[in-house]
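Asker: Below you'll find the structure I mean.
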Amino acid sequence: MPMRVDAPFRGLRGLVVLGVVVVAVAMYAISGGQRFGSGAPDPCRVEVAVEVLEVRGGPDAALPVLSTAPRGAVLDAQRVVQNGFRLLADDRWVAQEGVATAAGADCG
């Protein structure tokens, strides 16, 4: 029986396919079942923990109040804390002691 030229490659091809499957299963297990590419951490969101939270233009209590937020309000925030203030979006700051990380958020 003559030997086919591609016969040695059939085993190698099967081994490569098996290797790809093993790597894919391992990556799925490591990611906890989340889709790859969605590996960005959960956004930072904070919940107002005081009666009225003052929002300022910088990380300093001497700066003017731009707006306020009521207890229970959930605000988009950054992972930056400076001088006891947490950075929100659009260069707005709130006292870190007046907020708590919202459920399911990652504020590092």
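Heads up, our numbering is the position in the sequence shown plus 9, with the first residue counted as 1. Cβ coordinates follow ideal geometry from the N, Cα and C atoms, glycine included.
(1) DSSP state of E106, grouped into three classes?
(2) From P73 to G66, what does the alpha carbon distance come to, in whole angstroms?
(3) Helix, strand or coil for L72? Go by DSSP, reduced to three states.
(4) If you drop the 5 nearest sequence neighbours on each side, which residues of the same chain put their C-beta closer than 8 Å to that of V89?
(5) For A111, which residues from the same chain have a beta carbon less than 8 Å from its beta carbon, with the 5 sequence-adjacent residues on both sides left out?
(6) Which residue wins for smallest C-alpha separation from E63, given the options R80, V103 and D51?
(7) Would you decide whether V61 is buried or exposed? Buried here means 16 or more other CB atoms lie within 10 Å of its CB.
(8) If I follow the unbroken beta strand (DSSP E) through R54, where does it start and stop?
(9) Going by C-alpha distance, which of A109, A86, D115 and L75 is nearest A98?
(10) Should D51 be counted as a contact of the ligand PLP given a C-beta to heavy atom distance under 7 Å?
Answerer: According to the structure data:
(1) In the structure shown, E106 sits in a helix (DSSP, three-state: H, G or I).
(2) Taking C-alpha positions only, P73 is separated from G66 by approximately 7 Å.
(3) L72 falls in the coil class under three-state DSSP.
(4) These residues qualify, in order along the chain: R95 and L96.
(5) Result list for A111: R54, V55, E56 and V83, in chain order.
(6) Taking the Cα of E63 as reference, the smallest distance to any Cα among R80, V103 and D51 is reached at V103.
(7) Exposure of V61 is indicated by the presence of fewer than 16 other C-beta atoms within 10 angstroms of its C-beta.
(8) R54 to V57 is the span of the beta strand (DSSP E), which, as asked, contains R54.
(9) Taking only the C-alpha atoms, the option nearest A98 is A86.
(10) Because no ligand of any kind appears in the structure shown, any question about the ligand PLP cannot be addressed here.
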